[in-house]
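The block underneath contains the structure these notes are about, expressed in structure tokens.
Residue numbers (my numbering): 3 to 44.
Pasting the structure below:
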């Protein structure tokens, strides 16, 4: 039971870490630029 919990925790840490990396790349490339362009347009 304990071993299963450790594996599940490790899975979630890895999953969240990978998603955070993807969101960071998306944020730098897309989201931040769209906010930047919107602030110039307005």
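Heads up, the beta-carbon is just placed ideally off N, CA and C, and yes, glycines get one too.
Same chain only: Cβ atoms within 7 Å of residue 32, ignoring 5 sequence neighbours per side: Closer than 7 Å at Cβ, skipping near neighbours: no residue.
Where does the unbroken alpha helix (DSSP H) through residue 27 begin, and where does it stop? 4-28
Determine the direct distance from the alpha carbon of residue 6 to that of residue 13, and round the result to whole angstroms. 10 Å
Can you give the Cα-Cα distance for residue 10 and residue 43, rounded to whole angstroms? 46 Å
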